[in-house]
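The structure under discussion appears below in the form of structure tokens.
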Amino acid sequence: EELLRSARRLYHACSVVPCLLYYLRTSESPTKFPATISFTIRKGVPRWTHHALWLAGWACMGRVFQSAGSAATRRFAAAMFATGIWTTFIFRLGGGLLSDAAHLLGAAAYMVDHEVLLR
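Below you can see the structure in the form of structure tokens.
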């Protein structure tokens, strides 16, 4: 239960802290408003902060899935993790037409993954 709470806090922080850092102009100035999560985490301090929080959240969730998840849930979570790596680490937004297309497909899949995993 503590791991779930930690993961939730880390994921919430992952959504808020990099955005705040972006609007504090730690990665570029002027900033764009409104901006998507993908846009705000594409470079600089917000990017690395997002990645650190996101990986820490997944580390907690990975331990939960290992101890309490079925084999199918663990496989699905691993695929979801890989989709997140694809979308935010490899094909971050702003990398060119093909990179942005790969990012868009990965982001859409990652959103659907949340619906499937959390049911």
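Per my numbering, the very first residue in the sequence shown carries number -10; after that it's consecutive.
Virtual Cβ for every residue (Gly too), placed ideally from N, Cα, C.
Keep in mind the model is a prediction, meaning the values are calculated, not measured.
Shortest alpha-carbon distance to residue i belongs to which of the options?
| i | options | result |
| --- | --- | --- |
| Glu112 | His39, Arg52, Gly33 | The structure shown does not extend to residue 112, since the chain is modelled only from -10 to 108, so the question has no answer here. |
| Gly46 | Pro19, Leu106, Leu(-1), Gly95 | Leu(-1) |
| Met100 | Ile26, Lys21, Cys8 | Ile26 |
| Leu106 | Ser18, Leu82, Thr62 | Thr62 |
| Ser88 | Ala48, Trp75, Trp43 | Trp75 |
| Thr38 | Arg(-3), Glu104, Leu9, Pro23 | Leu9 |
Within 10 Å of its beta-carbon, does residue i have 16 or more other beta-carbons around it, so buried, or fewer, so exposed?
| i | result |
| --- | --- |
| Arg36 | buried |
| Pro7 | buried |
| Gly95 | buried |
Specify the secondary structure class of residue i as computed by DSSP and reduced to three states.
| i | result |
| --- | --- |
| Leu(-7) | helix |
| Ser88 | helix |
| Leu82 | coil |
| Trp107 | Correcting the residue type first, residue 107 is Leu in the shown sequence and not Trp. Coil. |
Would you check whether the ligand HEM has a heavy atom nearer than 7 angstroms to the C-beta of residue i?
| i | result |
| --- | --- |
| Ala48 | Absence of the ligand HEM is noted for the structure shown, with no ligands found whatsoever. |
field: Cβ contact (3+ pairs, closer than 8 angstroms) linking the stretch -1 to 14 and the stretch 63 to 80
entry: The answer is no - the stretch 63 to 80 does not touch the stretch -1 to 14, with fewer than three Cβ pairs under 8 angstroms.
message: Suppose only complete runs of 4+ residues qualify. What are the alpha helix (DSSP H) ranges in the stretch 6 to 47, listed by chain order?
response: 26 to 29
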